[in-house]
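Chains as they are written, first to last, in the numbering used here: chain A, 1 to 114; chain B, 1001 to 1112.
So, in structure tokens, the structure goes:
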């Protein structure tokens, strides 16, 4: 594809509801990353998928957060029982190789939890 | 401070001036990258410098890396209003995490 795409671009939800965010990486990229960025802050690593290896979930802030990736394609990030502090922009990135390679970012999903 | 910490946090300059942003990190790295972010959305990769390199150029961008001081600088020459954005450095390796670690960024404002 032309680039990394994410959907939805904006999501407003009520506290306690579950949300699912989607990321379509660049075709052929083996690595996929999810980050969270709160307003005015830097990027906070959440999870990293690399090929068929077990994902690095060390950045997930709680067990309410989970993510899946089908092969080397689409990934979904699920947040259960959303809280107001989950409000942020969720960014997805992919790279051709692993962590030493350039990452290409999607436009992000802005999540607002009321 | 966290791995990949930029300073200053904010920088305001006039169009045509040079802008210098600095990044410090704590652990060993394989490479250091600089990214740009407009309006709080997706980041765009600017330049990657490997640990065995000291300086790299790309158009109006110049990046230096001093591994002995664990620091890097990004210089934007002849700045333009369109350079207004947030700039982040990102480091890999050392932390044991298989992903980049980003700093909190420098917000650059270029006044026309």
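Just so you know, even glycine gets a beta-carbon here, dropped at the ideal spot from N, CA and C.
Give a yes or no on whether the minimum CB-CB distance between residue i and chain B is below 8 Å.
i: residue 48 of chain A; result: yes
i: residue 56 of chain A; result: yes
i: residue 102 of chain A; result: yes
Starting from residue i, trace the beta strand (DSSP E) in both directions and tell me its first and last residue.
i: residue 56 of chain A; result: Premise fails: residue 56 of chain A is in no beta strand (DSSP E) and is neither H nor E.
i: residue 6 of chain A; result: 5 to 7
By the three-class DSSP mapping on this structure, what secondary structure does residue i have?
i: residue 1015 of chain B; result: coil
i: residue 85 of chain A; result: helix
i: residue 1007 of chain B; result: strand
i: residue 1083 of chain B; result: helix
i: residue 1057 of chain B; result: strand
i: residue 79 of chain A; result: strand
i: residue 68 of chain A; result: strand
i: residue 1030 of chain B; result: coil
i: residue 43 of chain A; result: coil
Would you say residue i lies against chain A (beta-carbon separation less than 8 Å)?
i: residue 1057 of chain B; result: no
i: residue 1108 of chain B; result: no
i: residue 1099 of chain B; result: yes
i: residue 1104 of chain B; result: yes
i: residue 1043 of chain B; result: yes
i: residue 1074 of chain B; result: no
i: residue 957 of chain B; result: Because chain B spans 1001 through 1112 in this model, residue 957 of chain B falls outside it and cannot be assessed.
i: residue 1048 of chain B; result: yes
i: residue 1008 of chain B; result: no
i: residue 1001 of chain B; result: Residue confidence is low: residue 1001 of chain B scores 32 on pLDDT, short of 50, so the model does not pin down where it sits. No coordinate-derived value is stated.
Check whether the Cβ of residue i lies closer than 7 Å to any heavy atom of the ligand SAH, and answer yes or no.
i: residue 1025 of chain B; result: Absence of the ligand SAH from the depicted structure is noted, as is the absence of any ligand whatsoever, leaving it without description.
What does residue i reach in chain A if we use C-beta pairs closer than 9 Å?
i: residue 1084 of chain B; result: Those do not exist, as residue 1084 of chain B stays about 16 Å from chain A at its closest Cβ, beyond 9 Å.
For residue i, which beta-bridge partners are listed by DSSP?
i: residue 93 of chain A; result: A:33, A:105
i: residue 1025 of chain B; result: DSSP output for residue 1025 of chain B lists no bridge partner at all.
i: residue 1066 of chain B; result: B:1071
i: residue 20 of chain A; result: A:78
i: residue 1106 of chain B; result: B:1087
Strictly below 7 Å CB to CB, what residues from chain B border residue i?
i: residue 90 of chain A; result: Within chain B, no residue comes near residue 90 of chain A; the closest Cβ sits about 11 Å away, beyond 7 Å.
i: residue 108 of chain A; result: 1041, 1042
Using a cut-off of 9 Å between C-beta atoms, extract the partners of residue i located in chain B.
i: residue 105 of chain A; result: 1035, 1037, 1041, 1042, 1043, 1044, 1045
i: residue 41 of chain A; result: 1104, 1105
Check the Cβ-Cβ distances between residue i and every residue of chain C, and say whether any is below 8 Å.
i: residue 65 of chain A; result: Protein chains in the displayed structure are A and B, and chain C is not among them.
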